[in-house]
């Protein structure tokens, strides 16, 4: 579904993006993770899509801290953001990712997440 954002002149993704974010909370972790890993496709479509995507990723990053496997979700979010950055080259994405990494309280997880952006 995330790939459809590229060919959606009516902008339906703006109405359905919240539903996609909810799939990242699926009780089946594999399903949730696959959804998270594909959301970056929304962020590369255009500036409005990028803002929608980044706001959603920031929100999800903050709320997943207390969840089981929260560190994996956070890692996937940062990999996803890196994918968008690689496609569009917008420095504001890097800055937002660095801020999210800095907010990680666990030093081990913070280092792992920072590694995504050292490549």
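Numbering (the working numbering), first residue to last: 630 to 748.
In this text, a Cβ means the ideal position worked out from N, Cα and C, and glycines have one as well.
Everything numeric in this text was worked out from a predicted model, so none of it was measured.
Cβ-based burial, residue i [other Cβ within 10 Å; buried from 16]
i, result
"residue 736", "exposed"
"residue 731", "exposed"
"residue 721", "exposed"
"residue 724", "exposed"
"residue 689", "buried"
"residue 647", "exposed"
Nonlocal neighbours in the same chain, by C-beta distance under 8 Å from residue i, ignoring five residues either side
i, result
"residue 717", "672, 673, 679"
"residue 704", "738, 741, 742, 745"
Distance cut-off 6 Å: residue i Cβ against heavy atoms of the ligand NAD
i, result
"residue 708", "Of the ligands one can find in the structure shown there are none, so the ligand NAD has no counterpart to examine."
Beta-carbon proximity list for residue i, same chain, < 7 Å, skipping 5 on both sides
i, result
"residue 668", "631, 649, 682, 709"
"residue 644", "none"
Residues of its chain near residue i, where Cβ-Cβ distance is below 6 Å and the 5 sequence neighbours each way are ignored
i, result
"residue 712", "669"
Would you call the region 737 to 746 in contact with the region 693 to 704, where contact means no fewer than 3 C-beta pairs closer than 8 Å? Short answer: they touch.
Segments of 3+ residues assigned as beta strand (DSSP E) that fall wholly inside the region 701 to 739: Entirely contained in the region 701 to 739, not one beta strand (DSSP E) run reaches 3 residues.
Scan the region 658 to 699 and note each continuous alpha helix (DSSP H) run of 4 residues or more that stays entirely inside, going in chain order. At a cut-off of 4 residues, the continuous stretches assigned as alpha helix (DSSP H) that sit fully inside the region 658 to 699 are 658 to 667, 669 to 672, 676 to 692.
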